[in-house]
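Step one of this worksheet: look at the structure below.
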Amino acid sequence: MTGMQPIYEITSHIAGKNAQVRIWPDRLEWSRKGLMSTGAKAGVAVATAGLSYLATGIRGKREGETIPIRSISHVQRGNSRLQDKVIVKSSAGDVEMRVSRSEADQLISILNALINGTHPSVQTAQTQAPASAQQSQPTMPDVSAQLQQLAGLRDAGILTEAEFEAKKAEILARM
Numbered sequence: 001m002t003g004m005q006p007i008y009e010i011t012s013h014i015a016g017k018n019a020q021v022r023i024w025p026d027r028l029e030w031s032r033k034g035l036m037s038t039g040a041k042a043g044v045a046v047a048t049a050g051l052s053y054l055a056t057g058i059r060g061k062r063e064g065e066t067i068p069i070r071s072i073s074h075v076q077r078g079n080s081r082l083q084d085k086v087i088v089k090s091s092a093g094d095v096e097m098r099v100s101r102s103e104a105d106q107l108i109s110i111l112n113a114l115i116n117g118t119h120p121s122v123q124t125a126q127t128q129a130p131a132s133a134q135q136s137q138p139t140m141p142d143v144s145a146q147l148q149q150l151a152g153l154r155d156a157g158i159l160t161e162a163e164f165e166a167k168k169a170e171i172l173a174r175m
């Protein structure tokens, strides 16, 4: 997975700061610099005789979020004067991104295709998955499990004793 590239990547505005937004086949990721800039952190380090610098270092913190595509309920568009808003609603909460109109169109289109399973990257993964699933399935079904299930149907009154015996003989004959 080292050479894997995101499907789409833009710089957006999230909660008043520039953020890098990346869309992958299975997730949406965003990251941005934290609230305390490097300069502010250096100032605090000087004011506290370097104790905060020793505790946290001089680099600004980064924050972000990874949202699995399966947890996104829908994508909504809102308009503002300068840029469009794209609101991604998920079980973890809402993420509001400010982007240009063309970026909003593309972002919404890609996310909706991923959510609906119609994006080419999802279709490729789905066609590869059944082939590997078929290879991993045992060729001989578990006879004891089938007989237990059959007995359960008989005990529940769904099968008569005669139907149970006939089906049991059929299963045992396949061995």
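Per UniProt numbering, numbering through the sequence shown is continuous, rising by one, with the last residue being 175.
Idealized CB from N, CA, C, for every residue including glycine.
If you look at Gln-148, you'll find it isn't in any beta strand (DSSP E); it sits in the alpha helix (DSSP H) that goes 143-155.
A contact between stretches requires three or more CB pairs, one per stretch, nearer than 8 Å, and the stretch 61-70 fails this requirement with the stretch 78-86. Apart from sequence neighbours up to five positions away, the residues of its chain that approach Leu-159 with a beta-carbon distance below 6 Å are Leu-153, ordered along the chain. Distance from Asp-94 to Val-88 at the Cβ level is roughly 7 Å; contact confirmed, criterion being Cβ atoms closer than 8 Å.
Where Ala-19 is concerned, the enclosing beta strand (DSSP E) starts and stops at 17-23. Looking at Ser-100, Ala-15 and Leu-111, the one whose alpha-carbon comes closest to that of Arg-22 is Leu-111. Only residues of its own chain outside the window of five on either side were considered, and among them Arg-154 have a CB closer than 8 Å to the CB of Glu-161, listed in chain order. Sixteen is the threshold: since fewer than 16 other Cβ atoms of the shown chains lie within 10 Å of the Cβ of Ala-92, the residue is exposed. Of the candidates Glu-96, Arg-27 and Glu-9, Glu-9 places its Cα closest to the Cα of Gln-20.
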